[in-house]
Amino acid sequence: MHTNTSEEWAQLIFGNANLGDPRRTRRLAVLASDMAENADSSIVK
Numbered sequence: 030m031h032t033n034t035s036e037e038w039a040q041l042i043f044g045n046a047n048l049g050d051p052r053r054t055r056r057l058a059v060l061a062s063d064m065a066e067n068a069d070s071s072i073v074k
């Protein structure tokens, strides 16, 4: 499957993660998408 955006990619990869709460799964997909869009940036504490 070809994905056009980082959001689609993140949803495809992480959208079925069982984290105990659907909000956590959505947050994981958002974080992964943001990290993919800014792969050259550092991660701050």
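In my numbering, the protein residues as written are 30 to 74.
All C-beta atoms, glycine included, are put in the ideal place defined by N, C-alpha and C.
These numbers were taken from a predicted model, which means no experiment stands behind them.
Neighbourhood of residue i by C-beta distance below 6 Å, restricted to the same chain and skipping five residues each side
{"i": "residue 38", "result": "32"}
Per-residue burial, residue i [other beta carbons within 10 Å of its own, 16 or more giving buried]
{"i": "residue 68", "result": "exposed"}
{"i": "residue 71", "result": "exposed"}
Test item: CB-CB of residue i and residue j under 7 Å
{"i": "residue 60", "j": "residue 54", "result": "no"}
Distance, residue j Cα to residue i Cα
{"i": "residue 43", "j": "residue 58", "result": "6 Å"}
{"i": "residue 36", "j": "residue 74", "result": "23 Å"}
{"i": "residue 56", "j": "residue 34", "result": "17 Å"}
Contact set for residue i: own chain, Cβ-Cβ below 7 Å, skip 5 residues either direction
{"i": "residue 51", "result": "none"}
{"i": "residue 40", "result": "58"}
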